[in-house]
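Notes follow once the structure below has been shown.
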Amino acid sequence: MSEISIDHSSFFDPIYQFSPVGTALVSLEGEWRSANPALLDQLGYSEAEIAGMAFSDYIHPEDAGKALTKTFELLSHQQPKHECELRFIKKDGDFIWMSYFASAARDQDQEPLYFVVNLIPLQTIQKNNLDFAQESEEMYRLVCEHAQEIIYYCNDHGEWMYCSPAVYEQLGYTPSDIIGKDNMDLYHPEDKEKVKEAHEIDNDKNILQYRFRHKDGDYIWFETTFQRVKYNGSLRRLCISRDITDRKDMETKLTETVQRYTSLKKYNHDAVISLDLKGNIIHGNVMAEKLTGYEMAQLEGMNFSKLIGAVNLRKILKDSLNDISIENNINGLKHRDGHDVEVITTIAPIIINQRNVGFYVIIKDITEQKKLILAKEMAENTNQAKSAFLAMMSHEIRTPMNGVIGMTDLLLESTELDSEQEEYVHIIRKSGESLLNIINDILDFSKIESGKTSLVQKPFKVRDLTSEVVQLLRPKAIKKNLNISVTVSNNVPLHVVGDAERLKQVLINLVDNSLKFTSQGSVVVEVEALNPYGKTMELQFVVHDTGVGIPEDKLEKLFEPFYQLDNFMIRKQEGTGLGLAISKKLVELMGGQITALKKEGPGAAFQFSVIVMSSDLSGGFDAPTDEDPFSEETGRLNILVGEDNITNQLVIRKMLEKLGHHVSMASDGREAVDMAQNGCYDLIFMDIQMPEMNGLEAAQCIRKSGPSTENSPVIIAVTANALKGDREYYLSQGMDDYITKPLKSSVLSEVIEKYFKVEK
1 MSEISIDHSS
11 FFDPIYQFSP
21 VGTALVSLEG
31 EWRSANPALL
41 DQLGYSEAEI
51 AGMAFSDYIH
61 PEDAGKALTK
71 TFELLSHQQP
81 KHECELRFIK
91 KDGDFIWMSY
101 FASAARDQDQ
111 EPLYFVVNLI
121 PLQTIQKNNL
131 DFAQESEEMY
141 RLVCEHAQEI
151 IYYCNDHGEW
161 MYCSPAVYEQ
171 LGYTPSDIIG
181 KDNMDLYHPE
191 DKEKVKEAHE
201 IDNDKNILQY
211 RFRHKDGDYI
221 WFETTFQRVK
231 YNGSLRRLCI
241 SRDITDRKDM
251 ETKLTETVQR
261 YTSLKKYNHD
271 AVISLDLKGN
281 IIHGNVMAEK
291 LTGYEMAQLE
301 GMNFSKLIGA
311 VNLRKILKDS
321 LNDISIENNI
331 NGLKHRDGHD
341 VEVITTIAPI
351 IINQRNVGFY
361 VIIKDITEQK
371 KLILAKEMAE
381 NTNQAKSAFL
391 AMMSHEIRTP
401 MNGVIGMTDL
411 LLESTELDSE
421 QEEYVHIIRK
431 SGESLLNIIN
441 DILDFSKIES
451 GKTSLVQKPF
461 KVRDLTSEVV
471 QLLRPKAIKK
481 NLNISVTVSN
491 NVPLHVVGDA
501 ERLKQVLINL
511 VDNSLKFTSQ
521 GSVVVEVEAL
531 NPYGKTMELQ
541 FVVHDTGVGI
551 PEDKLEKLFE
561 PFYQLDNFMI
571 RKQEGTGLGL
581 AISKKLVELM
591 GGQITALKKE
601 GPGAAFQFSV
611 IVMSSDLSGG
621 FDAPTDEDPF
631 SEETGRLNIL
641 VGEDNITNQL
651 VIRKMLEKLG
661 HHVSMASDGR
671 EAVDMAQNGC
681 YDLIFMDIQM
691 PEMNGLEAAQ
701 CIRKSGPSTE
711 NSPVIIAVTA
721 NALKGDREYY
731 LSQGMDDYIT
741 KPLKSSVLSE
751 VIEKYFKVEK
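Take 1 as the starting number for the sequence shown in UniProt numbering and just add one per residue.
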């Protein structure tokens with residue numbers, strides 16, 4: 001690589017000329033070479049008056065010798081720089097005290113060229129120091145006054161000499177209630193002694209957790225940092241206290257969860273042994289001692305092959321890599337006295353931080369029972385035990401996890417997080433939410449298997465249900481640049497009776513799976529009624545995608561619990577492997593069937609059907625119920641909103657729902673047209689500026705393809721423009737009226753009453 005020569009003078013000359021710091025270049029012989037304007041101004045000389053003059057002639061005689069001696073020592077590399085304070089002689093004869101900073105400029109061979117001397121008047125430094133001290137004092141005062149933590153300091157006797165205003169918000173006391181007292185009567189009786197020790201200990205810094213009594217009588221947990229400082233010649237304790245009550249509550253709940261698990265292990269009728277990845281015993285319960293004849297101290301560190309043989313251990317180690325619970329019928333377990341115990345084992349992995357660190361072996365003695373009878377009982381009891389265990393553990397984990405996620409939300413609302421901290425909190429929350437999703441899957445599957453799931457039969461609209469599913473998953477599709485759409489056949493009635501929530505759960509599972517395994521293209525949902533004219537009918541749903549597809553030999557296994565396609569997808573996707581198993585159970589519960597279709601070309605297709613009842617409801621309105629009453633003024637309307645801004649979607653949806661109406665959302669003009677053509681809406685609020693197709697174009701398409709004029713929906717333009725002539729223009733383009741942003745609930749109510757007011 002060729003070297004590029006740079007003229008450094010072009011960079012440094014402007015700095016030299018315009019710097020507020022006085023700078024002089026002095027030759028190695030001690031003569032002035034140049035001085036910048038700042039120094040000339042400070043001393044009162046011109047460049048011509050000092051050029052070639054001895055530098056020492058301008059220093060007070062009492063200071064010159066020592067300063068120059070130290071400066072010339074720079075030539076011998078004895079020191080890199082020299083600093084001191086000395087007096088310079090101004091042109092008017094007065095002396096000026098200045099801070100003197102000298103260094104030697106050298107060439108590439110480290111040979112000295114000249115001296116660089118920086119001079120700053122002492123009064124400037126003193127003023128800056130004073131200003132800085134005043135600013136620092138003000139800053140510290142503001143920090144103390146606005147900090148959420150309680151900041152205080154104590155004297156040698158533990159008396160509070162100062163306390164920040166946060167004490168009122170945290171504990172209900174004013175600073176005057178606290179200052180001048182040791183406040184020992186406010187500490188929890190069990191914590192007083194350690195608080196005294198914290199004040200008396202000689203350590204410079206100490207951290208302590210204790211309880212302090214609120215003014216209302218409750219005790220609050222605090223974590224306090226005690227820092228020993230010197231103030232006005234006396235030792236003080238500077239203390240910063242942070243409320244950790246919520247953290248303590250979560251720790252207590254987590255401890256209770258661990259204790260429940262420990263009790264489950266301790267009092268289990270089966271032997272429970274934990275092993276590392278090499279098969280060495282880590283620990284076991286009391287039943288493990290009884291079953292093997294060894295004491296726990298003897299079992300710990302023993303290789304499990306000594307009890308079950310090397311062949312059986314290799315089988316267990318191999319099965320444990322599957323990350324699922326597996327039952328093994330091993331030949332037998334060798335008791336300490338030499339006899340064999342016939343057993344059945346269940347192996348479950350120990351996963352910590354998403355890494356397999358070992359596994360549990362649950363060992364059941366079947367010596368006293370016939371194998372065939374036990375096999376039947378195991379098929380029934382083990383499944384129930386596993387379901388109960390999973391349900392219990394899932395519930396116990398969800399409680400502290402909900403606390404963790406809730407606290408991350410509070411942290412994210414804080415304005416004091418820097419970007420790195422915010423990223424960490426997002427990771428905690430995302431991980432917590434992922435864990436809760438897994439737990440919810442496990443709970444769902446557990447409930448279904450235990451027969452505790454029942455259906456809730458209510459009237460619902462199929463088109464609204466599919467629209468809600470698409471709206472829920474559309475952000476994921478947009479993120480992957482995928483198209484997602486729904487086609488509902490004309491033979492599907494507006495209202496049917498069935499379990500809408502369970503049907504939606506199945507549909508979400510399938511569409512979400514399609515989005516997960518599709519990197520480009522689209523996901524399409526098709527719905528039709530197979531026998532639409534009876535009292536009961538079969539609704540058929542098909543979900544197509546253009547993703548990676550499913551090997552034909554895997555189709556039959558897809559709906560097995562915990563089954564995943566990891567072996568050919570190289571574990572790219574997360575999940576429990578329960579989604580399709582749950583969907584299958586729910587579909588069967590609703591009287592239908594589900595299957596993965598063989599598909600030519602790319603992608604996959606899932607088809608399922610459910611049995612629903614015909615509804616006596618007709619038209620575009622839901623039947624009134626006690627839970628969802630009609631408005632006395634207008635009745636409940638079916639309203640479509642075309643709006644691309646997520647925040648605005650939320651605002652208008654909440655406003656309209658509070659007015660008692662049913663609301664469907666479209667994120668762009670084209671989607672609004674599709675929904676209007678496939679649904680039955682009384683009123684449409686259409687944003688003018690939207691992607692894909694603007695509001696005016698969408699309104700025109702709806703008018704052209706819609707029903708007769710008297711049955712067509714009322715379309716209201718929603719716009720941020722409020723210019724004269726807009727109303728006339730929008731009406732000429734097919735709108736019935738228009739309203740301007742920002743929207744108000746009263747304006748929406750007036751528009752609805754204008755077009756839909758009915759007689760009371």
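For every residue, glycine included, the Cβ atom is placed at its ideal position computed from N, Cα and C.
{"Check": "Limits of the unbroken alpha helix (DSSP H) element including Glu169", "Outcome": "Ala166 to Leu171"}
{"Check": "Simplified DSSP state of Ser99, which is helix, strand or coil", "Outcome": "strand"}
{"Check": "For Gln17 and Trp97, the rounded distance between their alpha carbons", "Outcome": "23 Å"}
{"Check": "Residue range of the unbroken alpha helix (DSSP H) whose run includes Ala604", "Outcome": "From DSSP, Ala604 is part of no alpha helix (DSSP H); its letter is neither H nor E."}
{"Check": "Alpha helix (DSSP H) segment containing Thr647, residue limits", "Outcome": "Ile646 to Lys658"}
{"Check": "Thr292 versus Lys334: straight-line alpha-carbon distance, rounded", "Outcome": "7 Å"}
{"Check": "Beta strand (DSSP E) segment containing Phe541, residue limits", "Outcome": "Thr536 to Asp545"}
{"Check": "Residue span of the beta strand (DSSP E) that contains Tyr360, given as start and end", "Outcome": "Arg355 to Asp365"}
{"Check": "Under 9 Å between C-beta atoms of Val542 and Glu526", "Outcome": "yes"}
{"Check": "Where Gln457 sits in the DSSP three-state scheme", "Outcome": "coil"}
{"Check": "Leu539 and Ser609 closer than 9 Å at C-beta", "Outcome": "yes"}
{"Check": "For Asn118 and Pro165, the rounded distance between their alpha carbons", "Outcome": "46 Å"}
{"Check": "Within the region 453–522, ranges of the alpha helix (DSSP H) (whole runs, at least 4 residues)", "Outcome": "462–479 and 500–516"}
{"Check": "Which residues DSSP lists as bridging Asp737, in chain order", "Outcome": "Ile716"}
{"Check": "Chain-order list of residues whose beta-carbon lies under 8 Å from that of Gly521 (same chain, five-residue window excluded)", "Outcome": "Leu482, Asn483, Asp545, Thr546, Gly547, Pro602 and Gly603"}
{"Check": "Among Val497, Leu142, Ser514 and His146, nearest to Thr536 - alpha-carbon criterion", "Outcome": "Val497"}
{"Check": "Gln593 burial status per 10 Å Cβ neighbour count (16 or more: buried)", "Outcome": "exposed"}
{"Check": "Phe359 versus Met161: straight-line alpha-carbon distance, rounded", "Outcome": "57 Å"}
{"Check": "Beta-carbon proximity check, Ile639 vs Asp682, cutoff 9 Å", "Outcome": "yes"}
{"Check": "Lys658, buried or exposed, once every other Cβ within 10 Å from all chains shown has been counted against 16", "Outcome": "exposed"}
{"Check": "Status (buried if at least 16 other CB within 10 Å, exposed otherwise) for Ser274", "Outcome": "buried"}
{"Check": "Through-space distance from Ile207 to Ile151, alpha-carbon basis", "Outcome": "14 Å"}
{"Check": "Same chain, Cβ closer than 6 Å to Tyr755, neighbours up to 5 away in sequence not counted", "Outcome": "Val714"}
{"Check": "Unbroken beta strand (DSSP E) run spanning Cys154, endpoints", "Outcome": "Ile150 to Cys154"}
{"Check": "Close beta carbons around Cys154, own chain, < 6 Å, minus the five adjacent residues each side", "Outcome": "Trp160 and Arg237"}
{"Check": "Helix, strand or coil at Met613 [DSSP, three-state]", "Outcome": "strand"}
{"Check": "Nonlocal neighbours in the same chain, by C-beta distance under 7 Å from Lys744, ignoring five residues either side", "Outcome": "none"}
{"Check": "Euclidean distance between Cα positions of Gln700 and Met690", "Outcome": "14 Å"}
{"Check": "Exposed unless 16 or more other CB atoms sit within 10 angstroms - verdict on Thr518", "Outcome": "buried"}
{"Check": "Where Lys230 falls, given that 16 or more other Cβ within 10 Å makes a residue buried", "Outcome": "exposed"}
{"Check": "With 16 other Cβ atoms within 10 Å as the buried cut-off, status of Phe55", "Outcome": "buried"}
{"Check": "Whether Val641 touches Met613 by CB criterion (9 Å)", "Outcome": "no"}
{"Check": "Alpha-carbon to alpha-carbon, Lys90 and Phe101", "Outcome": "18 Å"}
{"Check": "Contacts around Asp737, its chain only, beta-carbon distance under 6 Å, and the 5 residues preceding and following it disregarded", "Outcome": "Ile716"}
{"Check": "Sheet register partners of Gln227 (DSSP bridge)", "Outcome": "Lys205 and Leu238"}
{"Check": "His77 burial status per 10 Å Cβ neighbour count (16 or more: buried)", "Outcome": "exposed"}
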